[in-house]
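Sequential numbering from 299 applies to the sequence shown in my numbering. Every residue gets a Cβ at the ideal spot worked out from N, C-alpha and C, and that includes glycine. A short write-up of the structure that comes next.
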Amino acid sequence: MSLGPELRELYQEFILDHGKNPRNKRALAHPTSSGEGYNPLCGDRITLQVQVDDGVITDIGFQGSGCAISTAAASTMTEAVKGKSVDEALALFKRFHAVVTGEEAADLDSLGKLAVFAGVSEFPMRVKCATLSWHTLENALQGGGDVATTE
Ligand code: ZN
299 MSLGPELREL YQEFILDHGK NPRNKRALAH PTSSGEGYNP LCGDRITLQV QVDDGVITDI
359 GFQGSGCAIS TAAASTMTEA VKGKSVDEAL ALFKRFHAVV TGEEAADLDS LGKLAVFAGV
419 SEFPMRVKCA TLSWHTLENA LQGGGDVATT E
């Protein structure tokens with residue numbers, strides 16, 4: 299899919315904003331699960347901590363270092379899934395993944411702010427940066443242990 303100039307501009311502003319001022323970039327006091335992620339193509343690394351109470355993600359935080367896109371994606375991901383059930387968060391990842399890989403000209407409205415990442419579908423190398431934090435989340439929610447990689 300191709301993006302109109304408006305979405306493209308929004309994407310650039312958004313990545314800069316979240317890349318510079320990431321939300322939820324902190325350690326949690328009481329994480330119930332955690333995961334590590336690594337994107338060897340770009341060198342992005344993330345440590346994710348999640349607090350799940352009664353099947354709902356009540357708190358989430360990430361640490362690590364990576365490019366602006368991976369940082370912005372992690373920042374947005376934490377905002378998007380906080381307060382959602384584990385099932386809702388995993389379903390959201392499926393939709394997000396379909397959009398950033400360009401598999402689906404999905405219903406961008408249903409993704410809210412995440413829709414700006416549709417921009418990365420034009421840059422296959424960047425898809426891994428955008429999805430690293432989500433793969434790590436999926437891993438953490440499904441038991442953790444392994445390091446999630448984008449390969
Ligand atoms: Zn990256």
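| query | Heavy atom of ligand 1 less than 6 angstroms from the Cβ of Gly364, yes or no? | reply | yes
| field | Alpha-carbon to alpha-carbon, Gly410 and Arg321 | value | 16 angstroms
| said: Quick check on the DSSP output: the alpha helix (DSSP H) that includes Arg424 runs from which residue to which? | reply: 422-439
| Considering only C-alpha positions, which residue in the set Ile367, Leu439, Gly441, His433 is nearest to Met423? | Ile367
| said: Can you confirm whether the segment 428-445 touches the segment 331-345 when touching is taken to mean that 3 or more C-beta pairs between the two stretches lie within less than 8 angstroms? | reply: yes
| said: For Thr330, which residues in the same chain have their Cβ closer than 7 angstroms to its Cβ, ignoring the five residues on either side in sequence? | reply: Val348, Gln349, Val350
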